[in-house]
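**Q** From first to last, the protein sequence lines stand for chains A and B. Going by our numbering, the first sequence opens with residue 228, and the numbers climb by one from there. Going by our numbering, the second sequence opens with residue -13, and the numbers climb by one from there. For glycine and all other residues, C-beta sits at the position ideal for the given N, C-alpha and C.
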Amino acid sequence: MTVLPVVRAPDPVLSRAGATVDPHDPAVIQLAEDMVSTMRAAPGCVGLAAPQVGVPAQLFVVDVTGHPKASTVHGLLVLANAGIVEASRWKQGREGCLSIPDLTGDVKRAGRIVVVGEIPGGGKITVSTDAFEARALQHEIDHCNGLLFVDRVSGAHAIYQRKVYL
Amino acid sequence: MEFAVTVIGHDRVGIVADVAEALARLGANLTDSTMTRLRGHFTMTLICTVDASVGDLEAALRPLTDVTVTVREVGPDEPISDAGEPYVLSVHGADRLGIVAAVTRAVADARGNITDLSTRLTGTLYLLIAEIDLSSGTAQALAQRLADLEKSLGVEISLRQAETDVL
Ligand SMILES: [Zn+2]
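#1: Does at least one heavy atom of ligand 1 sit under 7 Å from the Cβ of A/Gln279?
#2: For B/Gly(-5) and A/Arg389, I'd like the C-alpha separation in whole angstroms.
#3: Please report the residue range of the alpha helix (DSSP H) in which A/Cys324 lies.
#4: By Cβ distance below 7 Å, which residues in the same chain neighbour B/Ser104 in space, the five residues on each side in sequence not counted?
#5: Pick helix, strand or coil for A/Leu393, following the three-state DSSP scheme.
#6: Who are A/Pro237's beta bridge partners in DSSP?
#7: So what does B/Asn99 bridge to, in DSSP terms?
#8: Under a three-way DSSP split, which group does A/Gln365 fall into?
#9: Which runs of the beta strand (DSSP E) fall wholly inside the region 239 to 296 of chain A and span at least 3 residues, in chain order?
#10: In chain order, what residues of the same chain lie with their CB nearer than 7 Å to the CB of A/Val300, ignoring the 5 residues before and after it?
#11: Who's in the neighbourhood of ligand 1, going by beta-carbon under 6 Å from any heavy atom, listed in chain order?
#12: Which word fits B/Glu142, buried or exposed, when buried means at least 16 other C-beta atoms lie within 10 angstroms of its C-beta?
#13: Kindly list, in the order they appear in chain B, the residues whose Cβ is closer than 8 Å to that of A/Val377.
#14: Roughly how many angstroms separate the alpha carbons of B/His78 and B/Thr35, rounded to a whole number?
#15: Need the endpoints of the alpha helix (DSSP H) that A/Asp378 sits in, please.
#16: Going by beta carbon distance, what residues of the same chain come within less than 6 Å of B/Ile1, once the five residues before and after it are set aside?
#17: Bridge partners for B/Ser138 per DSSP, in chain order?
#18: Under 8 Å: do the region 344 to 360 of chain A and the region 10 to 24 of chain B share three or more Cβ pairs, one atom per stretch?
#19: Using the beta-carbon count (16 or more within 10 Å), is A/Thr331 buried or exposed?
#20: Which residues, in chain order, does the region 321 to 343 of chain A contribute to contact with chain B at a C-beta distance below 9 Å?
#21: Anything in chain B within Cβ reach of A/His366, meaning under 8 Å, just list it in chain order.
#22: Grab the span of the beta strand (DSSP E) containing B/Ala(-10) for me, first residue to last.
#23: At 7 Å on the CB atoms, spell out the chain B contacts of A/Ile311, in chain order.
#24: Going along the chain, which residues of its own chain have a beta-carbon closer than 7 Å to the beta-carbon of A/Ser315, five neighbours each way excluded?
#25: Buried or exposed: where does B/Gln147 fall if 16 or more other Cβ atoms within 10 Å of its Cβ makes it buried?
#26: In three-state terms, what does DSSP make of B/Ala8?
#27: In this structure, does DSSP put A/Asp333 in helix, strand or coil?
#28: Please report how far the alpha carbon of B/Val53 lies from the alpha carbon of B/Asp63, in whole angstroms.
#29: Nearest-angstrom Cα distance between B/Arg131 and B/Met(-13)?
#30: Determine the direct distance from the alpha carbon of A/Cys272 to that of A/Tyr392, and round the result to whole angstroms.
#31: Assuming the contact rule is C-beta atoms closer than 8 Å, A/Cys371 and A/Ala276 should be a hit. Round their C-beta distance to whole Å, please.
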């Protein structure tokens, strides 16, 4: 397992829609494992998408275990080709991103979502979740589609300078 | 009388209190104001109403030696009609000359009124967020113009309707 270098905005790979992947491709499974290591190596990091390690692909990892704003927690989620099929209870919240380390922003996200995707090396999965885990999944699915949180901030004064990386 | 006051200078603890107290002593009523730090510089812009002169206000603020103050009288302003629909515009990309000029000119050409704007440079990432009022039916044409700018400026631009839910 390798900790991969994380790319930062304005790297153009972060703004490209990722290609769908074959979840049984050994290279995809390896990439997913390396992304988990990379997420674990970054203090406070709760999610990482393939474009953030320079690969424009529909693959991400999330783990919000222990986060104070989390309600439903699935532990480690590794999803390929994921999409949101249901979204409700929209709520404003603050979020940051490993690829934009100096800023945070207020973004409206669904507080309750259903996501379908594929597990690398496994089958299809449906994930129903809420609160912070729902926010993390939406943030990572956005990455897979070439979108950053700054593309969704709620207003001119909804961007904040981060003093310490949380 | 209504006055516009700007205060710019070195940021320090108590600077807002010093400005507010100086104005209060003169009997000035602080109406709309905004204060922020821009790359560490303290910046404050405010409107106040007071039965005094520009000279009185300047004298009241003169003891604040570590900031630059401007005062001017402003008349009651005809607000631009708020008939438009609110949008939020995000622009991000590698810093280069002329991003703000090109994007805001596109908005102006679409008769869009910018009501709020902020920009940030962090590392090599340049970020612009603007709130815009657009007349109905003009968003499509502006989005097209912005799509062209994305290519010529090498930046990412998104234009979306602002959330205006009243909770
Ligand atoms: Zn991110």
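**A** Taking the geometry as given:
#1: Yes, since a heavy atom of ligand 1 falls inside the 7 Å radius drawn around the Cβ of A/Gln279.
#2: 22 Å
#3: Premise fails: A/Cys324 lies in the beta strand (DSSP E), Leu304 to Cys324, not in any alpha helix (DSSP H).
#4: Ile115
#5: Annotation note: pLDDT 41 at A/Leu393 (below 50); position unreliable, no value reported.
#6: According to DSSP, which records beta bridges pairwise, A/Pro237 is partnered with nothing at all.
#7: B/Asp119
#8: helix
#9: 274 to 276 and 286 to 289
#10: The answer, listed in chain order, is Val291, Thr292 and Glu360.
#11: That gives A/Cys324, A/Leu325, A/Ser326, A/His366 and A/His370.
#12: buried
#13: Ordered by position in chain B, the residues that pass the 8 Å Cβ test against A/Val377 are Ser76, His78, Leu113 and Ile115.
#14: 39 Å
#15: From DSSP, A/Asp378 is part of no alpha helix (DSSP H); its letter is neither H nor E.
#16: Phe28.
#17: Paired residue(s): none; B/Ser138 is not in a bridge.
#18: Verdict: no, contact absent.
#19: buried
#20: Ile327, Pro328, Asp329, Leu330, Gly332 and Lys335
#21: Neighbours of A/His366 on chain B: none; closest Cβ ~15 Å, over 8 Å.
#22: Glu(-12) to His(-4)
#23: Ordered by position in chain B, no residue passes the 7 Å Cβ test against A/Ile311, which lies about 17 Å from the chain.
#24: Ala337 and Arg339
#25: That one is exposed.
#26: helix
#27: In the three-state reduction of the DSSP assignment, A/Asp333 falls in the strand class, which pools E and B.
#28: 28 Å
#29: 43 Å
#30: Its pLDDT being 46, under 50, A/Tyr392 is placed unreliably by the model, and the measurement read from it follows with that caveat. Each residue's alpha carbon lies about 9 Å from the other.
#31: 5 Å
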